[in-house]
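Shown next, in structure tokens, is the structure this report addresses.
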Amino acid sequence: MFFFCSLFSFFGKNAYVTYHIITKGLTWEGAQQYCRENFQDLATFESMDDVNSITELYDWSWIGLHEYSKSWKTMSKDINSWRWSLTGEGSRTGYYKWRDSEPDNHMLMEHCVGMKPGGNWFDTSCQKEKRFVCYDVVEGKNAYVHVSEVRSWYSALTYCRQHHIGFPVIENSDQQKLVHSAIPSYSDAPIWLGLYRVPWVWSDGSQSSYRNWSSSKSENYKDEKFCQLLHQVKRLLCFFDLN
């Protein structure tokens, strides 16, 4: 497959993007390197108008949107790795307590983290409803408040921010014990943690939220198959910033 590079041109207050089709057959990483060395980066799209501006359409081409399995298997500082909602940043210590075989990103749809009653973590869909623990400071002391109401991850985060400070951060075994001890001993239900990740990021670091997935994205790709996809040879689309 080919790939696309983009070229940014600035005229006064207006910015223009020019996409360049590259007919070299490269893997995604090879395409990224080529675009960065010769243009700006692999192409980023902000809207359907950007897509429609491409006059030479091909069945398959590399663009800048990507997802690496290493980002959700570790507590690294990669842009699409796990981060704590309280800080918006990745782990400072690398501490984690994943359950065996977790995280597994089942169906490529598990972007939030819960804690089992035994204390182990697991990744799951953010849309599922669970109980949760909020973090607060009461009379100068850290407080962990268990909420028995079940909510989605985002709804639980909103609740914690409105009534307390937010979800707690767990950076070591002591903090893990404090959060775990907030769960009532009689409870056998998992809780939400403040750990989440933003999947599928643009190579140039753009914050564009535009996506135009095909129906095949819903397939349950195994890690091996996904790795093979990243190493297939495709066209590419690059861009370049003249500013």
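Just so you know, we're using full-length UniProt numbering here: the sequence shown kicks off at 1 and counts up by one. Glycine is no exception: its CB is placed at the ideal position from the N, C-alpha and C atoms. Values in this document were obtained by computation on a predicted structure and should not be read as measured data.
Span of the alpha helix (DSSP H) around residue i
i, result
"His163", "153 to 163"
"His180", "173 to 181"
"Asn52", "48 to 52"
Cβ-based neighbour list, residue i, same chain, cut-off 8 Å, excluding 5 preceding and 5 following
i, result
"Gln176", "Tyr95, Lys97, Gly119, Ile170"
"Thr87", "Val169"
"Ser125", "Met109, Glu110, His111, Cys112"
"Asn212", "Phe45, Met48, Val51"
Counterpart residues of residue i in DSSP-defined beta bridges
i, result
"Cys134", "Val145"
"Val113", "Asp123"
"Tyr95", "In the DSSP output, where bridge partners are listed per residue, Tyr95 has none listed."
"His66", "Val201"
"Glu89", "Trp84"
"Gly166", "Tyr135"
With 16 other Cβ atoms within 10 Å as the buried cut-off, status of residue i
i, result
"Ser218", "In this prediction, Ser218 has a pLDDT of 43, which is less than 50 and means its spatial position is unreliable; what the coordinates show is noted afterwards. Under this definition Ser218 is an exposed residue."
"Leu24", "Note that residue 24 is Lys in the sequence shown, not Leu. Result: exposed."
"Trp84", "buried"
"Tyr34", "buried"
"Phe3", "buried"
"Ser203", "buried"
"His106", "exposed"
"Lys222", "Confidence at Lys222 is low in this model, with a pLDDT of 44, below 50, so the placement of that residue should be treated as unreliable; the coordinate-derived value is given next. Exposed."
"Trp60", "exposed"
"Met115", "buried"
"Asp174", "exposed"
7 Å CB neighbourhood of residue i in its chain, flanking five on each side removed
i, result
"Pro199", "Glu67, Asn80, His111"
"His164", "Cys134, Tyr135, Asp136, Val145"
"Asp100", "none"
"Gly64", "Asp41, Leu42, Ala43, Thr44, Trp202, Ser203, Asp204"
"Thr93", "Glu171, Asn172"
Minimum Cβ-Cβ distance from residue i to chain B less than 8 Å
i, result
"Thr124", "Within the model displayed, chain B is absent; a lone protein chain is all it includes."
Terminal residues of the beta strand (DSSP E) in which residue i lies
i, result
"Trp28", "Trp28 -> not in any beta strand (DSSP E); alpha helix (DSSP H) instead, spanning 28 to 38."
"Leu195", "191 to 196"
Cβ separation of residue i and residue j, assumed to be a contact under 8 Å, to the nearest whole Å
i, j, result
"Ile183", "Phe132", "Actually they do not touch by this definition, with Cβ atoms about 10 Å apart."
"Phe167", "Tyr135", "6 Å"
"Val113", "Tyr186", "The Cβ separation is near 23 Å, so there is no contact."
"Ser152", "Lys128", "7 Å"
"Leu26", "Trp121", "In fact, because the Cβ distance is near 37 Å, the residues do not count as touching under 8 Å."
Close-in-space but distant-in-sequence residues of the same chain around residue i (CB under 6 Å, 5 per side omitted)
i, result
"Ala189", "Arg131"
"Ala156", "Phe132, Trp192"
"Cys160", "Cys134, Gly166, Phe167"
"Glu89", "Arg83"
Cβ-heavy atom distance, residue i to the ligand GDP, below 7 Å
i, result
"Glu46", "Inclusion of the ligand GDP in the displayed structure is not the case, the ligand content being empty and no account of it being possible."
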